[in-house]
Amino acid sequence: MKNIFESLRESHDKQRRLLSALTDTHGDSDKREGLFAAVKAELVHHENAEERHFYVPLMEYDMTQEKARHSVAEHHEIDELIEEMEATDFSSPGWLNSAKKLEHLVTHHLEEEEQEVFQLAGRVLSDSEKTRLAGDYDQMMEDQADGSP
Ligand SMILES: [Fe+2]
Ligand SMILES: [Fe+2]
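Here my numbering is used: the first residue of the sequence shown is 2, the next is one more, and so on.
Put into structure tokens, the structure is as follows:
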């Protein structure tokens with residue numbers, strides 16, 4: 002059976018692939034537009050499902066509460082940068098810089114989650130919770146993907 006860490010890592014790897022492809026795009030192209038839409042959907046869906054099925058449960062424990070709050074604050078930073086990019090022309094020279102900034106911000110966030118949060122979460126969550134959360138997380142990711150335009 003899959004555990005929550007495996008589910009989250011799958012999403013993280015997808016985000017890394019998409020962001021690396023996005024920073025390889027040029028100017029106002031269909032490729033840039035398509036990849037940006039994919040990055041946005043993936044990041045937002047992941048934040049929603051990860052907050053509900055990972056960070057909310059982790060806020061119940063003293064050992065993980067602070068890390069959980071910190072990660073959720075970083076999600077907001079990521080959202081703000083995405084909003085900024087939405088308001089910028091794809092053809093503007095600043096756009097690629099913002100995309101690189103986003104890649105940097107997200108990559109750092111994922112590393113912190115995988116290296117620090119997963120360690121602590123592994124100690125507070127029971128094996129059955131880890132499995133149940135994986136199911137709930139995967140289900141919510143599927144539902145959001147089905148509902149997205
Ligand atoms: Fe996160
Ligand atoms: Fe994450």
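For glycine and all other residues, C-beta sits at the position ideal for the given N, C-alpha and C.
Cβ neighbours of Glu85 within its own chain (closer than 7 Å, five residues either side excluded): Ser99. Rounded to whole angstroms, His27 and Ile5 show a C-alpha spacing of 36 Å. In this structure, the CA atom of Leu20 is about 31 Å from the CA atom of Val125.
The closest heavy atom of ligand 2 lies less than 6 Å from the beta carbon of Glu114.
Shown here for Gln66: same chain residues with a beta carbon closer than 6 Å to its own, the five before and five after excluded, namely Met60 in chain order. Closest in alpha carbon position to Val118, among Glu87, Met142 and Lys68, is Lys68. For the 7 Å CB-CB criterion, Leu106 and Ile79 form a contact. Annotation for Ala88: no alpha helix (DSSP H) segment contains it, and DSSP assigns it neither H nor E.
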